[in-house]
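Visitor: Have a look at the structure that comes next, please.
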Amino acid sequence: MKILLVIIFLFLPNISNAQNVGSQTGLPLPRFASLKSDETNVRTGPGLRYPIKWVLVRKDMPIEITNEYDQWRKIKDIQGDEGWVHMAVLSGKRTAIVQINNSIITEKESESSPPVATMENGVMVGLKKCSNQICKVEVMGLEGYISKVNIWGVYAEEVFE
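Using this note's numbering, read the sequence shown as starting at 31 and increasing by one per residue.
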């Protein structure tokens, strides 16, 4: 009986980790990606037999992948709307959307650094890298840094180069 309990406790952490990765890709779930095209059909289920729920019309728009089924990915947009898209319409390119009006993009990583631009709600930016609290972004040929709390498309704890 004790051996059985030890075996169960050894495998429980692996079971909980398995729920946090995609069954098809092995990549973390949820995770952010972006749209490859100007028109993306979002369906009610994972397959062509499911009706189109709506069409997303913004290339490079960030989306959150929340589930995987075969060649299909369940996504969520900035408004929280969910649906299914084929994996071929998704890109690993990282982008984000400014959520707060008058968000400052600074020249350097420090918030006391001189501002290079002020962004309005809804502006899409390319993500170059993110540290604990700030991301380096690119928008219209301009590069700078913005606080993570001002954008949607990156997790608070996410760090990448």
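The beta carbon of each residue, even a glycine, is placed where N, CA and C say it ideally should be.
Whole angstroms are fine: how far does the CA of residue 178 sit from the CA of residue 161?
Guide: Position 131 of the sequence shown, counted from the first residue, corresponds to residue 161. Position 148 of the sequence shown, counted from the first residue, corresponds to residue 178. Going by the C-alpha atoms only, they are around 9 Å apart.
Visitor: Taking all protein chains shown into account, do 16 or more other C-beta atoms lie within 10 angstroms of the C-beta of residue 82, making it buried, or fewer, making it exposed?
Guide: In the sequence shown, residue 82 corresponds to position 52, counting from 1. By the neighbour-count rule (16 or more Cβ atoms within 10 Å), residue 82 is not buried but exposed.
Visitor: Could you tell me the boundaries of the beta strand (DSSP E) in which residue 176 lies?
Guide: As a first step, residue 176 must be located in the sequence shown, where it is residue number 146. From DSSP, the beta strand (DSSP E) with residue 176 extends over 172-177.
Visitor: Counting pairs of beta carbons, one from the region 135-147 and one from the region 169-183, are three or more of them closer than 8 Å?
Guide: yes
Visitor: Using DSSP with H/G/I as helix, E/B as strand and the rest coil, what is residue 87?
Guide: Working through the sequence shown from its first residue, we reach residue 87 at position 57. Of the three classes helix, strand and coil, the one that applies to residue 87 here is coil, per DSSP.
Visitor: Leaving out the 5 sequence neighbours to the left and right, which residues in its chain are closer than 8 Å to residue 191 when beta-carbon positions are compared?
Guide: Residue numbering aside, residue 191 sits at position 161 when the sequence shown is read from its first letter. Within the same chain, residue 191 has close Cβ partners 159.
Visitor: Among 156, 64 and 103, which one has its Cα closest to the Cα of residue 112?
Guide: Taking the sequence shown and counting its residues from 1, the one referred to as residue 112 is at position 82. Cα-wise, what sits closest to residue 112 is 103.
Visitor: Note down the Cα distance separating residue 65 from residue 94, rounded to an integer number of angstroms.
Guide: If you number the sequence shown from 1, residue 65 lands on position 35. If you number the sequence shown from 1, residue 94 lands on position 64. Each residue's alpha carbon lies about 10 Å from the other.
Visitor: Can you grab the Cα-Cα spacing for the pair residue 51 / residue 74, in whole Å?
Guide: Here residue 51 corresponds to residue number 21 of the sequence shown, with the count starting at 1. Here residue 74 corresponds to residue number 44 of the sequence shown, with the count starting at 1. Their backbone Cα atoms lie some 22 Å apart in a straight line.
Visitor: Check this for me: beta carbons of residue 157 and residue 186, under 8 Å apart or not?
Guide: For the purposes of this step, residue 157 is taken as the residue at position 127 of the sequence shown. For the purposes of this step, residue 186 is taken as the residue at position 156 of the sequence shown. Their beta carbons are not under 8 Å apart, which means residue 157 does not touch residue 186 by this criterion.
Visitor: May I have the straight-line CA-CA distance separating residue 116 from residue 142, to the nearest angstrom?
Guide: Here the question's residue 116 lines up with position 86 in the sequence shown. Here the question's residue 142 lines up with position 112 in the sequence shown. Roughly 43 Å separates the two Cα atoms.
Visitor: Can you look up residue 180 in the DSSP assignment and give me helix, strand or coil?
Guide: As a first step, residue 180 must be located in the sequence shown, where it is residue number 150. In this structure, residue 180 counts as helix in the three-state DSSP scheme.
Visitor: Let me know if residue 180 comes out buried or exposed under the rule of 16 or more other beta-carbons within 10 Å of its beta-carbon.
Guide: Translated into the one-based positions of the sequence shown, residue 180 becomes position 150. By the neighbour-count rule (16 or more Cβ atoms within 10 Å), residue 180 is buried.
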